[in-house]
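A.B. asks: Residue numbers (the working numbering): 61 to 485.
Cβ atoms here follow ideal geometry from the backbone N, Cα and C, with glycine treated the same way.
Sharing a structure with you now.
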């Protein structure tokens with residue numbers, strides 16, 4: 061690959077960017093927190109029984125874990141801009157290991173909930189810093205497909221993580237899941253410590269979170285791309301929140317059948333990311349976003365029509381059309397994220413963190429809203445109308461906020477402009 065911008069300089073940067081080891085590191089640092097989240101979910105009923113607490117209290121091991129992920133995005137990204145990707149990532153993974161040990165020895169459910177929160181706070185550093193590392197190493201046109209490639213590999217692991225957690229709990233008890241998570245986070249930390257070089261570019265100006273965030277928030281391009289990515293992700297949260305109530309309560313199907321249909325949407329998202337990787341070399345980032353937005357809007361509109369007609373009261377119609385939306389969603393999310401973190405490459409960590417924080421924070425509210433629409437309705441119409449409205453808002457960000465690009469600014473043009481500017485000083 062060409063146009064690599066990280067350190068060390070020269071040919072070594074190309075070797076880092078194109079190595080399979082780097083791709084593997086990006087996958088494991090991105091996945092260690094979300095996979096650890098999903099692994100414990102199958103054991104929640106048994107965990108609640110063992111501690112003698114209500115299942116709603118046990119659910120806090122998941123809900124506060126998600127809060128930790130959201131806060132980590134906001135904290136770790138700016139820190140990685142200031143102190144470097146490698147030390148902040150290792151500190152975060154170290155915190156995850158320590159919190160994992162604490163979860164193993166937790167004697168009460170509140171202690172376990174607290175340990176899980178700090179696990180997420182440390183482990184999610186990989187989620188935000190991985191996007192910053194991708195921006196460090198790759199030119200703008202390669203960021204979207206690289207994010208898609210990492211997400212595609214991660215999706216496979218996330219699909220298997222609940223099954224793995226269930227098998228561990230059945231065979232060895234729920235404590236085995238905590239031992240496994242702690243050992244896995246330690247292995248990832250050691251892997252990163254041994255193999256990951258520092259990729260952050262040298263900064264010519266003193267950095268601060270307020271300064272970087274202020275400059276980003278005054279950029280129409282950043283705000284537009286960020287809102288596009290965040291709104292696209294809310295389609296997933298809304299459907300995931302309301303889907304179980306529609307399938308189980310309205311349609312009278314089993315939770316197992318819902319799980320199977322929902323896995324199909326995850327597979328569609330995986331396919332979308334793989335298609336994005338394939339098409340990216342021949343199309344600009346903006347064209348890929350517009351393609352995804354058109355397909356996303358069309359799919360959500362179809363589901364709205366099916367709702368008016370009463371057709372998607374069966375899973376095949378509902379999930380079949382939603383799979384189209386999810387393929388499109390992969391195009392929109394990966395490439396709009398690439399656009400957002402490319403606006404100010406030296407503040408890629410802050411940009412990634414702000415985007416991730418909004419995605420997770422708003423997602424928690426939208427998920428609850430989706431559950432309300434699905435659980436308090438007798439048809440799919442309210443939820444499908446909400447998803448269509450989100451799709452419209454997502455497209456509006458590209459129409460009304462993101463400036464039109466009349467010139468493709470390559471890394472070579474940027475370097476040339478910097479050279480000319482320095483010659484004038």
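Is DSSP giving residue 272 helix, strand or coil here?
C.D. replies: Of the three classes helix, strand and coil, the one that applies to residue 272 here is helix, per DSSP.
A.B. asks: As an exercise, report each continuous alpha helix (DSSP H) stretch of at least 4 residues that is fully enclosed by the region 287–354, in chain order.
C.D. replies: Counting whole runs of 4 or more residues, the region 287–354 contains the alpha helix (DSSP H) stretches 315–339.
A.B. asks: For residue 121, is the classification buried or exposed, using 16 other Cβ atoms within 10 angstroms of its Cβ as the cut-off for buried?
C.D. replies: By the neighbour-count rule (16 or more Cβ atoms within 10 Å), residue 121 is buried.
A.B. asks: Which stretch, first to last residue, makes up the alpha helix (DSSP H) that contains residue 235?
C.D. replies: Per DSSP, residue 235 belongs to the alpha helix (DSSP H) from 235–255.
A.B. asks: Measuring alpha carbon to alpha carbon, tell me which residue in 431, 462, 187 is nearest residue 310.
C.D. replies: For residue 310, the nearest C-alpha among the options comes from 431.
A.B. asks: Residue 251: which of 342, 460, 459, 82 sits nearest, CA to CA?
C.D. replies: Checked all of 342, 460, 459, 82; the closest Cα to residue 251 is 82.
A.B. asks: Inspect the CB distances between the region 367–374 and the region 314–327 and report whether three or more fall short of 8 Å.
C.D. replies: At 8 Å Cβ cutoff, the stretches do not touch.
A.B. asks: Can you tell me whether residue 16 is helix, strand or coil according to DSSP?
C.D. replies: Here the chain has residues from 61 to 485 only, and residue 16 is not among them.
A.B. asks: Have a look at 280, 180, 295, 464 and flag the residue whose alpha-carbon is nearest the alpha-carbon of residue 350.
C.D. replies: The option with the nearest alpha carbon to residue 350 is 464.
A.B. asks: DSSP on residue 408, reduced to helix/strand/coil?
C.D. replies: If DSSP states are grouped into helix, strand and coil, residue 408 belongs with the helices.
A.B. asks: Would you mind working out which of 444, 104, 198, 451 sits nearest residue 169, comparing C-alpha positions?
C.D. replies: Selected option, being the one with the closest Cα: 104.
A.B. asks: Output needed for residue 101: all residues of its chain with C-beta closer than 8 Å, excluding positions within five of it in sequence on either side, in chain order.
C.D. replies: So the list reads 122, 222, 225, once near-sequence residues are dropped.
A.B. asks: Per DSSP, what kind of secondary structure is residue 167 in: helix, strand or coil?
C.D. replies: If DSSP states are grouped into helix, strand and coil, residue 167 belongs with coil.
A.B. asks: On the three-state DSSP scale, how would you describe residue 403?
C.D. replies: DSSP places residue 403 in coil when its eight states are reduced to three.
A.B. asks: Take residue 70 and list the residues in its own chain whose beta-carbon comes closer than 6 Å to its own, dropping the five residues that flank it on each side.
C.D. replies: Here the model assigns residue 70 a pLDDT of 44, short of 50, so the residue's position is not dependable and the matter cannot be decided.
A.B. asks: Going by alpha carbons, who is nearest to residue 333 out of 380, 356, 389?
C.D. replies: It is 389 whose Cα lies nearest to the Cα of residue 333.
A.B. asks: Nearest-angstrom Cα distance between residue 238 and residue 136?
C.D. replies: Distance between the alpha carbons of residue 238 and residue 136: 24 Å.
A.B. asks: Taking residue 371 as part of the alpha helix (DSSP H), name the residues at either end of that continuous run.
C.D. replies: From DSSP, residue 371 is part of no alpha helix (DSSP H); its letter is neither H nor E.
A.B. asks: Between the C-alpha atoms of residue 79 and residue 216, what's the straight-line distance to the nearest angstrom?
C.D. replies: Using only the alpha carbons, I get a separation of about 21 Å.
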